[in-house]
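In what follows, a single structure is set out as structure tokens and then discussed.
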């Protein structure tokens, strides 16, 4: 009897929407359609705020900022103005993509020797040491100056109102809030801000954040300087000095984000655009370029052959990610070589169709010379925004400056403390970054704005979603709902080295026969709940209409009009 129960517990049964009369059995809902605009976020109230902005004549960028500000209040487990922001914007007027890298730099007063003197071999996840300059507010204003229509005061007002009056906390966000409390409540002012009743809010409970309302009000009135030179900067400086921190007023005052050129990579008639390092977006492109050498469309999407090739391609891409992805202000990163077809041809030769790799070395592209929110918006004029924003590790460092209503990020944890490594810590340097927005064009026209939140999960799911649509013919919602494959344990930019092949986690929907087939090729399987990412997407159709999709694994919503 025990054996039967154990087997039943191990076998994965398909989770399917059998009562739907259209679409794949795993689809949770239909695509959402609209002709004048579309907003897709991970929280329905934030989606409605963005939609209201569009209806008032705001641009896609205006809607994105308004929704992002609301999410900083409503989903502090994923984002906030204490974190960083990256965006890709399709300008209908210019008929081109613009990229913005809104990541902050490490404190100028903190050196590699300081970590060595403390006996550290890695940067801790929480507390003052991993805190870097928050880049979100600067990114809002830089993007707004170029693509905004409505005043910033209008865009921040809905979040201010909800922060003062309160909002009902949604289910998944409540779950992650309560998971954060044991780790972060020990840090000064965290409990006072997020646990006013001595605990995190339960599902449906009304939560208020008057301090964040005040911070937003200062930003609406005084612009970006309120955060980097004004009262908020002074509050951060004072708090960090009182709590053995290194980030200070000078670091904030000197911060500036950067306009960057998105990187293109063709895949079977479409072009995937990602931002260059210090982010990890090009890892998705490397995976796709390797897989482009196989006839993926002829394979079973839920078969062992495709899964094995995908996992091995991911290992190869992530080995390069561990070695080469770093701040381009400090190193010459061979971006175009890494995403080239010629380099992919060489890397593909390392894949054994019958055996999983236990270890692999990074390639040599030089030879070719000789835990996050994602949202997307679109407006009536054809502008589209792909925006991702994060504190890292959910609620960040735990460091919560008094009177501000937000947590400072812990992105500095992503530095390597090995001297000489491209991603080695240095003052005033941007760490390796996981958050990545994505955009797909077809025949030079905007097609899909999309992203998937979730650390190292992101490039894997960028590639899987695109493959689902291009190779397997899924629609926008189905491509996100389809069961996902996640490989973990690759070498990392922070110094960890893969020596055992890592592990593979699978969502419900994969059979025992499938799992056994992967194990026979040498893959190690490990059950995991929740690390498969959070997806939002908008597609622009040839008739001018928009289709929207929202992640069934989150609390989100896509809505159009």
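Residue numbers (the working numbering): 856 to 1416. A virtual CB, placed ideally from N, CA and C, is assigned to each residue, including glycine. Predicted, not measured: the structure shown is a model, and the values here were computed from it.
### Query
For residue 1012, which of 1324, 921, 1140 has the nearest alpha-carbon?
921
### Task
Verify whether the separation of the beta carbon atoms of residue 1336 and residue 881 is less than 7 Å.
yes
#### Entry: Where the beta strand (DSSP E) containing residue 956 begins and where it ends
951-957
### Task
Could you tell me whether the stretch 911-929 touches the stretch 1006-1022, where touching means 3 or more Cβ pairs closer than 8 Å?
yes
### Message
Quick check for students: name the residue ranges of the beta strand (DSSP E) that lie wholly in the stretch 1321-1385, counting only runs of 3 or more.
### Response
1340-1343, 1358-1361
### Message
Quick check on DSSP: helix, strand or coil for residue 1224?
### Response
Because residue 1224 sits at a pLDDT of 42, beneath the cut-off of 50, its placement in the model cannot be relied upon, and the point is left open.
### Query
When the Cα of residue 915 is compared with those of 1042, 1104, 1168, 998, which residue comes out closest?
998
### Chain-order list of residues whose beta-carbon lies under 7 Å from that of residue 1105 (same chain, five-residue window excluded)
Taken in chain order, the residues that qualify are 963.
### Task
Take residue 1272 as the anchor and find which of 1205, 1120, 1348, 1289 has the nearest alpha-carbon.
If we check each option's Cα against that of residue 1272, 1348 comes out closest.
### Task
Out of 1165, 1129, 1163, 931, state which residue places its alpha-carbon closest to the alpha-carbon of residue 1050.
931
### Minimum length 4: unbroken alpha helix (DSSP H) runs contained in the stretch 992-1066
1007-1020, 1026-1039, 1045-1049
### Task
Note down the Cα distance separating residue 889 from residue 1394, rounded to an integer number of angstroms.
Cα to Cα, the separation comes out at about 11 Å.
### the stretch 1162-1169 / the stretch 1198-1215 touching (three or more Cβ pairs under 8 Å)
yes
### Message
Can you tell me which residues form a DSSP beta bridge with residue 1120?
### Response
1127
### Query
Taking residue 1208 as the reference, which of 1376, 1193, 1019, 1121 has the closest Cα?
1376
### Query
In whole angstroms, what separates the C-alpha of residue 1159 from that of residue 1329?
19 Å
### Query
Rounded to a whole number of angstroms, what is the C-alpha to C-alpha distance between residue 875 and residue 885?
Each residue's alpha carbon lies about 9 Å from the other.
### Query
If we call anything under 7 Å between Cβ atoms a contact, is residue 1286 one with residue 1269?
yes
### Query
In angstroms, rounded to a whole number, what distance separates the CA positions of residue 877 and residue 1155?
20 Å
### Query
In chain order, what residues of the same chain lie with their CB nearer than 7 Å to the CB of residue 1086, ignoring the 5 residues before and after it?
1073
#### Entry: Separation of residue 1371 from residue 935, as counted between CA atoms
42 Å
### Query
Hey, would you say residue 1070 sits closer than 7 Å to residue 1260, going by beta carbons?
yes
### Task
Within its chain, find whatever has a CB closer than 6 Å to the CB of residue 858; leave out the 5 residues flanking it on each side and keep chain order.
Confidence at residue 858 is low in this model, with a pLDDT of 35, below 50, so the placement of that residue should be treated as unreliable; the coordinate-derived value is given next. Same-chain partners within the cutoff: there are none.
### Query
By Cβ distance below 8 Å, which residues in the same chain neighbour residue 1374 in space, the five residues on each side in sequence not counted?
Its chain contains 1380 as the residues whose beta carbon lies nearer than 8 Å to that of residue 1374, once the 5 sequence neighbours on both sides are disregarded; these appear in chain order.
#### Entry: Own chain partners of residue 1211 with C-beta closer than 6 Å, once the 5 adjacent residues on each side are dropped
1356, 1376, 1377, 1378
### Task
Check residue 1082 in the structure and name its three-state DSSP category.
helix
#### Entry: residue 959 and residue 1110 closer than 7 Å at C-beta
With contacts defined by Cβ atoms closer than 7 Å, residue 959 and residue 1110 form a contacting pair.
### Message
Check whether the stretch 1308-1328 and the stretch 1132-1149 touch, using three or more Cβ-Cβ pairs below 8 Å as the test.
### Response
Yes, since at least three Cβ pairs between the stretch 1308-1328 and the stretch 1132-1149 fall closer than 8 Å, the two stretches touch.
### Query
In chain order, what residues of the same chain lie with their CB nearer than 6 Å to the CB of residue 1327, ignoring the 5 residues before and after it?
1156
### Task
Would you decide whether residue 1313 is buried or exposed? Buried here means 16 or more other CB atoms lie within 10 Å of its CB.
buried
### Among 1007, 1059, 1047, 1263, nearest to residue 1023 - alpha-carbon criterion
1059
### Message
Relative to the C-alpha of residue 1300, which candidate in 925, 1366, 952 has its C-alpha closest?
### Response
952
### Task
Leaving out five residues on either side along the sequence, give the residues of the same chain with a beta carbon under 7 Å from the beta carbon of residue 1182.
Within the same chain, Cβ atoms closer than 7 Å to the Cβ of residue 1182 are found at 1133, 1284, 1285, the five residues on either side in sequence being excluded.
### Task
Please confirm whether residue 1249 and residue 1031 have their CB atoms less than 7 Å apart.
yes
### Query
Leaving out the 5 sequence neighbours to the left and right, which residues in its chain are closer than 8 Å to residue 1126 when beta-carbon positions are compared?
1119, 1120, 1295, 1296, 1297
### Task
Just mark residue 1124 as buried or exposed, buried being the case when its beta carbon has 16 or more other beta carbons within 10 Å.
exposed
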